[in-house]
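Notes follow once the structure below has been shown.
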Amino acid sequence: MNNNNTKKNRILVIDDEEHITSFLKETLELSGYLCDTAECGKEGLRKLRKDNGYDLLITDIRLPDISGLEILEITGKKYPFLPVIVITGFATIESTKTALRLGAMDYIPKPFTTGTVLAAVNNAIHASFSPIRGRRFRKIVYRSHLMEQLMELVNKIAKTDSTILVTGESGTGKELIARAIHNNSLRSTQPFISVNSGAIPEGLLESELFGHVKGAFTGATATTHGRFHVADGGTLFLDEVGNMSPAMQVKLLRVLQDGEFSPVGSSDVQTTDVRLITATNINLEEAMSKNEFREDLYYRLNVIEVHVPPLRHRTDDILPLTEHFLSRLTGSEKQDSCVLSSSSVSILLSYHWPGNVRELENIMERAWVLCENNVILPKDLPGKMLPSHGNLPDIHPSSDGIQLDSLLENIEKHYIINTLKQSKGNRTLAARLLGLKRTTLLARINSLGIAKDTGRK
Ligand SMILES: Nc1ncnc2c1ncn2[C@@H]1O[C@H](COP(=O)(O)OP(=O)(O)OP(=O)(O)O)[C@@H](O)[C@H]1O
Ligand SMILES: [Mg+2]
Numbered sequence: 001m002n003n004n005n006t007k008k009n010r011i012l013v014i015d016d017e018e019h020i021t022s023f024l025k026e027t028l029e030l031s032g033y034l035c036d037t038a039e040c041g042k043e044g045l046r047k048l049r050k051d052n053g054y055d056l057l058i059t060d061i062r063l064p065d066i067s068g069l070e071i072l073e074i075t076g077k078k079y080p081f082l083p084v085i086v087i088t089g090f091a092t093i094e095s096t097k098t099a100l101r102l103g104a105m106d107y108i109p110k111p112f113t114t115g116t117v118l119a120a121v122n123n124a125i126h127a128s129f130s131p132i133r134g135r136r137f138r139k140i141v142y143r144s145h146l147m148e149q150l151m152e153l154v155n156k157i158a159k160t161d162s163t164i165l166v167t168g169e170s171g172t173g174k175e176l177i178a179r180a181i182h183n184n185s186l187r188s189t190q191p192f193i194s195v196n197s198g199a200i201p202e203g204l205l206e207s208e209l210f211g212h213v214k215g216a217f218t219g220a221t222a223t224t225h226g227r228f229h230v231a232d233g234g235t236l237f238l239d240e241v242g243n244m245s246p247a248m249q250v251k252l253l254r255v256l257q258d259g260e261f262s263p264v265g266s267s268d269v270q271t272t273d274v275r276l277i278t279a280t281n282i283n284l285e286e287a288m289s290k291n292e293f294r295e296d297l298y299y300r301l302n303v304i305e306v307h308v309p310p311l312r313h314r315t316d317d318i319l320p321l322t323e324h325f326l327s328r329l330t331g332s333e334k335q336d337s338c339v340l341s342s343s344s345v346s347i348l349l350s351y352h353w354p355g356n357v358r359e360l361e362n363i364m365e366r367a368w369v370l371c372e373n374n375v376i377l378p379k380d381l382p383g384k385m386l387p388s389h390g391n392l393p394d395i396h397p398s399s400d401g402i403q404l405d406s407l408l409e410n411i412e413k414h415y416i417i418n419t420l421k422q423s424k425g426n427r428t429l430a431a432r433l434l435g436l437k438r439t440t441l442l443a444r445i446n447s448l449g450i451a452k453d454t455g456r457k
């Protein structure tokens with residue numbers, strides 16, 4: 001079953017121009033979203049008050065009654081989990097920056113196309129971080145030594161202005177790391193702008209990054225600023241940089257070398273002061289050897305490389321991440337907490353996670369929807385994860401191997417925590433249930449770093 005089908009995401013659009021709301025409603029609904037509209041700020045806020053089940057708000061900055069910026073401030077306080085995208089015009093460049101500073105996830109410049117709208121919406125809905133606004137530091141959950149080392153590196157390089165290349169398999173958390181670098185940098189009060197080069201049609205990417213002048217191409221009915229302009233002073237995160245065409249690679253090289261670019265259709269030279277962070281899940285060195293990626297660009301981008309390891313190399317992170325995702329799900333909607341049965345834990349720990357943290361996040365969402373009595377059983381996990389026979393899952397070490405010690409330690413820890421919860425913190429009872437001597441249990445609690453009050457609260 002595809003967990004993306006569990007529910008349709010709901011979007012509220014606030015704009016006073018009828019042709020814009022109807023265009024957005026049609027575009028979004030054709031792409032599988034549910035869309036509501038409001039023609040002024042007050043109506044939009046009323047709809048939000050009546051129904052807080054929206055997954056995204058899209059609002060124009062200029063509205064007849066209250067401004068989009070005020071809406072951002074109000075929703076930031078009242079609905080801090082609601083991501084917001086603002087619609088901006090050419091003349092509202094300063095407001096665009098203010099909106100991004102106030103926590104808008106993204107902006108869509110007018111006039112827009114189906115492609116740019118969907119790229120922004122998909123990005124915001126499947127955002128790589130919880131959009132709690134006003135929080136400078138997004139939560140990166142980890143317990144493994146590998147991630148500890150990575151976070152040390154992130155903290156060190158954040159303060160510099162070096163160009164950074166974030167590498168790693170799909171879903172490992174590359175964008176989250178890029179945001180952490182920005183949030184810890186001296187540019188943190190300036191915009192962080194994320195562009196997924198892979199999701200934007202080739203013909204549009206240049207205008208998306210550098211802007212265009214009116215009449216530059218069919219459909220260019222007004223002059224538009226590009227992302228390099230809006231991100232001036234801040235950080236631009238360019239995802240899937242490995243997919244860029246040779247022509248775009250040359251243009252990107254120019255910005256990196258001289259800080260200069262020209263909007264599409266213009267010979268004007270504009271300058272920008274942007275820290276560039278790029279990411280890729282393809283091997284750029286291999287692409288370079290096949291002449292698909294420019295060598296000079298590669299060395300400009302890869303001043304410092306941050307490699308995010310795959311989840312199967314850091315099994316210590318699996319359970320903390322699982323708990324984080326479950327508490328986010330239960331905290332925001334269901335009151336009761338949700339736990340994993342011990343056999344589900346062993347399955348999670350021995351699975352090879354080809355889709356990494358994003359896959360874990362999706363699997364938890366699906367399991368949370370399917371589970372009964374707030375306990376996630378193996379039947380609530382996708383069939384592909386389940387062992388084919390026996391009580392324990394089969395483990396097929398890949399070429400990367402497995403880390404048996406940490407795997408077993410995690411399973412043991414989980415059994416003990418669950419039993420302590422069941423016995424409400426009574427260790428004598430927990431020891432009996434686990435078939436251990438009380439002293440042995442206490443020693444394990446100590447050595448595994450289990451909190452002393454587990455089960456008592
Ligand atoms: N350490 C972590 N703590 C909390 N959440 C995480 C962590 N790592 C990843 N995630 C979550 O996993 C999902 C994928 O993260 P992200 O989008 O940053 O990955 P990515 O490497 O950029 O993926 P892709 O290669 O597909 O672009 C996001 O929803 C993110 O919130
Ligand atoms: Mg990404």
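As numbered in the numbering used here, residues 1 to 457 make up the sequence shown, in order.
Beta carbons are placed, not taken as given, at the ideal position from N, Cα and C, and that holds for glycine.
Within the segment 236-293, the beta strand (DSSP E) runs of at least 3 residues that lie entirely inside it are, in chain order, 275-280. When I11, L276 and F192 are compared, the shortest CA-CA separation from A99 is found for F192. Contact between the segment 284-297 and the segment 316-324 is absent: fewer than three C-beta pairs spanning the two stretches fall below 8 angstroms. In this structure, the C-beta of E361 approaches ligand 1 to less than 7 angstroms from one of its heavy atoms. Residue side-chain check: N281 places its Cβ nearer than 7 angstroms to a non-hydrogen atom of ligand 1. At least one heavy atom of ligand 1 sits closer than 7 angstroms to the Cβ of Y142.
Short note on D106: C-beta not closer than 7 angstroms to any heavy atom of ligand 1. Between the C-alpha atoms of D239 and L442 there is a straight-line separation of about 48 angstroms.
The segment 216-232 and the segment 169-181 do not touch, with fewer than three beta-carbon pairs separated by less than 8 angstroms. Closest option to E18, judged by alpha-carbon separation, among I11, C40, E29 and L30: C40. Taken through DSSP and simplified to helix, strand or coil, V303 comes out as coil.
Here K251 is buried, its C-beta having at least 16 other C-beta atoms within 10 Å. The C-beta distance from I14 to G44 rounds to 4 angstroms, short enough to fall under 8 angstroms. Cβ contact annotation for S245 (same chain, cutoff 7 angstroms, sequence separation greater than five): E202, in chain order. For S423, DSSP assigns no beta-bridge partner whatsoever. Approximately 6 angstroms separates the beta-carbon atoms of L276 and L236; this is inside 8 angstroms, confirming the contact. When the Cα atoms are used, C35 and I11 turn out to be separated by approximately 5 angstroms. About 5 angstroms separates the beta carbon of L448 from that of K413, a gap short enough to meet the 8 angstroms contact definition. Take the alpha-carbon of R312 and the one of W353: they are about 6 angstroms apart. When DSSP states are grouped into helix, strand and coil, T59 belongs to the strand group. Between P382 and V274, the alpha-carbon positions lie close to 43 angstroms from each other. Residue pairing from DSSP places E372 in a beta bridge opposite V375. In the same chain as T189, and ignoring 5 residues on each side of it, the C-beta atoms closer than 8 angstroms to its own belong to R101, in chain order. DSSP places T98 outside any beta strand (DSSP E); the residue lies instead in the alpha helix (DSSP H), whose first and last residues are I93 to R101. Leaving aside the five residues that flank I125 on each side, the residues in its chain whose CB is nearer than 7 angstroms to its CB run, in chain order, N9, D55 and L56. Closer than 7 angstroms to some heavy atom of ligand 1: that does not describe the Cβ of H182.
Rounded to whole angstroms, the gap between the alpha carbons of H145 and I416 is 22 angstroms. No Cβ-Cβ contact shorter than 8 angstroms links N291 with A199.
S170 has its Cβ nearer than 7 angstroms to a heavy atom of ligand 1. Around R300, the same chain offers T163, L253, L256 and Q257 as residues with beta carbons nearer than 8 angstroms, after the five sequence neighbours per side are excluded. Assignment of beta-bridge partners to A38 by DSSP yields I14. In this structure I140 is not in contact with A104, their Cβ atoms being roughly 22 angstroms apart against a cut-off of 8 angstroms.
Rounded to the nearest angstrom, the gap between the Cα atoms of T272 and L209 is 12 angstroms. DSSP, reduced to helix, strand and coil, places P109 within a strand of the structure shown.
Residue pairing from DSSP places L165 in a beta bridge opposite T278 and E305. Counting only residues of its own chain and dropping the five nearest sequence neighbours on each side, S170 has a CB closer than 7 angstroms to the CB of N281, G355 and N356.
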